[in-house]
Amino acid sequence: EEGQRVADYGTVSAIADDGDMARVTLTAEGGAEQVLEVARDSLQVSQGDDVSEGDLVGVTRHWAAGPLLWGLWTTLWISVLSGAFGLLLGLFTGLCRLSNNPTLRDLSTVYVELVRGTPLLVQIFIFYFFIGTVLNLSREFAGVAALALFTGAYVGEIVRAGVQSIARGQNEAARSLGLTAGQSMRHVILPQAFKRVLPPLAGQFISLVKDTSLVSVIAITELTKSGREAITTSFSTFEIWF
43 EEGQRVADYG TVSAIADDGD MARVTLTAEG GAEQVLEVAR DSLQVSQGDD
93 VSEGDLVGVT RHWAAGPLLW GLWTTLWISV LSGAFGLLLG LFTGLCRLSN
143 NPTLRDLSTV YVELVRGTPL LVQIFIFYFF IGTVLNLSRE FAGVAALALF
193 TGAYVGEIVR AGVQSIARGQ NEAARSLGLT AGQSMRHVIL PQAFKRVLPP
243 LAGQFISLVK DTSLVSVIAI TELTKSGREA ITTSFSTFEI WF
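Start counting the sequence shown at 43; every next residue gets the next number (the numbering used here).
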């Protein structure tokens, strides 16, 4: 509901019905007219009444997204962004884990073990209160970055397991046909591995959507924080959480 108020001192000169709406015509002392359309059942004045600046004439009603719907939208776009960046990071990490280069292999191993071995909530705090403060990052950027980094570590292990599940003969056959190691991976191994890693990747994305509730601790108004704010005004604790 949005209240409609008088702009200047005057008199209600006419009230016309228009279905569920009422069209109120106000005439100021100088002869200027102001027309307001309000819901008929919310009308606060009658024809001939004197009104002052700021008086409430009635309200108009229209549909608008509430806090829970905006919170759901925030949850979804954070999940999609984090999932996309986490997928790219995880693909690179998974291939590095299989690399013959010891530097890439060791760095990717440290990243995976460190991220998977520490709580996501702690990682969010580090990104927001430490890295975000030093680099002047927004809370949304810090939240997406922490979730993407966390997801990338798990996706990296999923990709590594998927690639290693493909029979060694597939790679040997591709190399015997003259394909390079990169071409063999891109055209033969990864397409087969993708089919196998799709179910665990879907499960990881579902977990990511649920993990977005943790970014509410850094004041991002996603669904969980929107629910807490709605509870403070409505006191409908069970209904909101349900």
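In this text, a Cβ means the ideal position worked out from N, Cα and C, and glycines have one as well.
Checking the DSSP bridge columns, you'll see Gly-45 partnered with Val-101. When rounded, the separation of the alpha-carbon atoms in Gln-225 and Ser-150 is 22 Å. Taking a cut-off of 8 Å for Cβ pairs, the region 188-201 and the region 156-168 touch, as three or more such pairs fall below it. The closest CA to that of Leu-98, considering only Val-54, Phe-277, Val-251, is found on Val-54. For Ala-272, the CB contacts under 7 Å within the same chain, skipping 5 residues up- and downstream, are Pro-109, Leu-110, Ile-282 in chain order. Counting C-beta pairs with one atom in each stretch, the region 224-241 and the region 256-273 have fewer than three that are closer than 8 Å, which means they do not touch.
As DSSP reads the structure, Gly-52 sits in a beta bridge with Ala-70, Val-93. When C-beta atoms of the region 164-171 are compared with those of the region 203-215, fewer than three pairs fall below 8 Å, so the two segments do not count as touching.
Boundaries of the beta strand (DSSP E) harbouring Gln-76: 75-81, taken from the DSSP string. Rounded to whole angstroms, the separation of the alpha carbons of Val-259 and Leu-250 is 16 Å. According to DSSP, Arg-65 shares a beta bridge with Ala-58, Glu-79. In the structure shown, Val-87 adopts coil according to DSSP, grouped into three states. The three-state secondary structure of Glu-264, taken from DSSP, is coil. Gly-220 carries a coil assignment under DSSP once its states are collapsed to helix, strand and coil. C-alpha of Pro-242 to C-alpha of Glu-199: approximately 10 Å in a straight line. The residues Ala-272, in chain order, have a CB closer than 8 Å to that of Ser-278 in the same chain once the five nearest residues on each side in sequence are set aside. In this structure, DSSP gives Thr-279 a helical state, which the three-state scheme calls helix.
Rounded to whole angstroms, Asn-143 and Gly-204 show a C-alpha spacing of 20 Å.
Rounded to the nearest whole angstrom, the C-alpha separation of Gly-132 and Val-201 is 7 Å. In the DSSP assignment, Pro-241 falls within the unbroken alpha helix (DSSP H) covering 232-253.
By the neighbour-count criterion, in which 16 or more other beta carbons inside 10 Å mark a residue as buried, Gly-72 falls on the exposed side.
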